[in-house]
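Here's the structure we're looking at; comments come further down.
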Amino acid sequence: MKQKCKKQDLLINGSISKALIWFALPLLGSSLIQLLYNAVDLIFIGNYVGKNASAAVGAGSLLLTCLVGFVTGISVGAGVVVSQYYGAKDYKSLQDSVHTAVTLSMIGGVILTIAGLFLAPFILRWLRVPQEIFELSVSYIRIYFISILPMIFYNMGSAILRAYGDSKRPFIYLASGAVLNVVLDWLFVVVFSWGVEGASWATTISQTLSAVFIVIHLFSTKREYRIYLKKLRIHKNQMIRIVKLGVPAGIQSSLLTISNMVVQFYINGFGQDAMAAFTAYFKVENFMYLPILAFGQAMTSFVGQNIGAGQFIRVKKGVKIGLFWGMSCTVIISTIVLVSRYYLFRMFNSEPEVIQCGIQVLLMTAPVYFIYVAIEVLSGTVQGAGASFIPMIISISNLCVLRVILLAIVVPLWNSVQAIAIVYPITWAATAFSLFIYYKCFRWRNTVITVQCSQSVSLE
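Anchor point for the sequence shown: position 87 equals 86 in numbering that gives the first Met the number 0, and the numbering is continuous, going up by one each time.
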């Protein structure tokens, strides 16, 4: 028990580097598995079904990723609340927040599922999805929407566990689903020849398995975050805290994908080769995004627990260490991706025109991808402190508004896929610079949700 407590409290005691790396590694593994879910789908579809099917998955995946980003953001809000209560050892409020979060997940999951099943074709028409792949895209999205409820349960449950300092169990549960996904993709796509629908069903069943595992743990654990069926209800104060933090974080998490939906509008205008190329590019790009996402999530839990415990100087040191490790990992992985770029794109599509187009995009973004580390680490830091509104505004201004303006100007002038690609690093740099100014010059540190830590503090 003593050893467990030491590991459980690693984020608020001992070496900061060890704490962040120890906590981030399972998050990195979880991110890799999330990437492999759709990547495996695309590998099977691209090699066994064809280019039209790959384009159909790509056209629909951005919408799905947008929803996943919003759901993840809401779970981040719950995680921040739980982590600060855990750091402050306020277990009564922790219990109330956990039961409120799970209840909100049930309600939100049902609403999103119904809305998605109905609205899918209208959204795809707005995105100008070509008629020859339209029905395939609709089928893929509608089946995937059936998995929204279990996906929400998994994300909320994993956020609760991470807030408590446990990032290993979510990884194990997700890995179990990923193994099943590979088996089902082979069975449904290759053996049964179900095409796009088979890949979508494989993902849905696999995500449901991960959700079942995490729900069983939440209802059976002996720790303070245990869920009791009779206690499931919405506590008004906790709901306000979760929504106040989660909605801006959800919008911010989905902003990149929302802007990518606008990008998809421009991509579709260049034809199916460009659509398939960008579909493959986004899969390859995710390999570089993995360490960034892991360190950003680790910073949120790290800051939440340490602020709850009143260890504000440790937070300041943690930001510098998080930036260092995040950028170091990203530079290494980006270099590997650039060196092996042809083989990576070849995994997702075998047509030379598609591969060449995707490589052109990668060469314009990968060398400067380390910029994105500052966005995730600084956002994770201020969100962990309970401040999520201003980071949302910064992200809207740069990743959405500025990106759309630049696309409208650059694409007509350049008229190539490179014109779309160049917009990404420009908006990354603008966002990172804005977040750095906010981090250094504004008193976001005053936004603390736990009662005993609500005093004004400064880390300067």
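We put the beta carbon where it would ideally sit given N, CA and C, even for glycine.
Please classify Ser-14 as buried or exposed, where buried requires at least 16 other C-beta atoms within 10 Å of its C-beta.
exposed
Would you check if the region 408-420 and the region 349-363 touch, i.e. whether three or more CB-CB distances between them fall below 8 Å?
yes
So the candidates are Ser-258, Thr-112, Ser-104, Lys-235; which of them puts its Cα closest to the Cα of Val-214?
Ser-104
Does DSSP classify Gly-270 as helix, strand or coil?
coil
Please confirm whether Val-242 and Phe-286 have their CB atoms less than 7 Å apart.
no
Using three-state DSSP, classify Glu-352 as helix, strand or coil.
helix
Say whether chain C places a C-beta atom closer than 7 Å to the C-beta of Val-79.
The chain labelled as chain C is not found in the depicted structure, where only one protein chain is given.
With three or more beta-carbon pairs closer than 8 Å as the criterion, would you say the region 38-48 touches the region 228-244?
no
Buried or exposed (CB count within 10 angstroms, at least 16 for buried), Tyr-139:
buried
Span of the alpha helix (DSSP H) holding Glu-196?
194-219
At which residues does the alpha helix (DSSP H) containing Trp-324 begin and terminate?
Its alpha helix (DSSP H) spans residues 311-338.
Can you check the region 356-441 for any alpha helix (DSSP H) of at least 4 residues that lies completely inside it and give the ranges in chain order?
Here the runs fully enclosed are 370-383, 388-394, 402-413, 416-440.
Can you give me the Cβ contacts of Ser-146 inside the same chain, cut-off strictly under 7 Å, excluding the 5 residues immediately before and after it?
Thr-202, Thr-203, Gln-206, Thr-207
Within the chosen definition, does the region 23-31 reach the region 275-291 through at least 3 CB pairs nearer than 8 Å?
yes
What three-state label does DSSP hand Ser-14 in the structure shown?
Assigned with DSSP and collapsed to three states, Ser-14 falls in coil, not helix or strand.
In whole angstroms, what separates the C-alpha of Ile-389 from that of Gly-76?
15 Å
Alpha helix (DSSP H) containing Val-101: first to last residue?
90-125
With contact counted as at least three CB pairs below 8 Å, one residue from each stretch, are the region 87-104 and the region 314-325 in contact?
no
Given a cut-off of 7 Å, decide if Leu-10 and Phe-301 are closer than it, judged by their beta-carbon atoms.
A contact, by the Cβ cut-off of 7 Å.
Suppose you measure from the CA of Ala-407 to the CA of Gly-108; what does that come to, to the nearest Å?
35 Å
Buried/exposed call for Asp-89, threshold 16 Cβ in 10 Å
buried
Classify Glu-284 as buried or exposed, calling it buried when 16 or more other Cβ atoms lie within 10 Å of its own Cβ.
By the 16-neighbour rule on beta-carbons within 10 angstroms, Glu-284 is buried.
Cutoff 7 Å; reference Tyr-143; Cβ partners in own chain excluding five residues on either side:
Leu-63, Ser-199, Thr-202, Thr-203
Spatial distance of Val-410 from Met-260 (CA atoms)
So the two alpha carbons sit approximately 15 Å from each other.
By Cβ distance, which residues of its chain are closer than 7 Å to Leu-377, with the 5 residues on each side in sequence left out?
Leu-434, Phe-435, Tyr-438
Segments of 3+ residues assigned as beta strand (DSSP E) that fall wholly inside the region 29-94
Fully enclosed beta strand (DSSP E) runs of 3 or longer: not present.
Taking 7 Å as the threshold (C-beta atoms), are Leu-35 and Ala-177 in contact?
Yes; because the gap between Cβ atoms is below 7 Å, this pair is in contact.
Chain-order list of residues whose beta-carbon lies under 7 Å from that of Ile-226 (same chain, five-residue window excluded):
Here the set comprises Val-97, His-98, Val-101, Leu-217, Phe-218.
Is it buried or exposed for Ala-18, if we count other Cβ within 10 angstroms and need 16 for buried?
buried
In whole angstroms, give me the CA-to-CA distance for Ala-174 and Lys-167.
11 Å
Gly-307 and Gly-78: beta carbons closer than 7 Å?
The Cβ atoms of Gly-307 and Gly-78 lie no closer than 7 Å to each other.
Closer than 7 Å by C-beta to Trp-21: which residues in its own chain qualify, once you throw out the five before and the five after it? Chain order, please.
Only Leu-9 meet the Cβ criterion.
Gln-251 and Ser-82 closer than 7 Å at C-beta
no
Using 10 angstroms around the beta-carbon of Arg-402, count the other beta-carbons present and answer buried if the total reaches 16, otherwise exposed.
buried
Distance check for Lys-91 and Ile-122, CA to CA, integer angstroms please.
43 Å
Burial state of Arg-510, where buried means 16 or more other Cβ atoms lie within 10 Å
Residue 510 is absent from the model: the chain starts at 0 and stops at 459.
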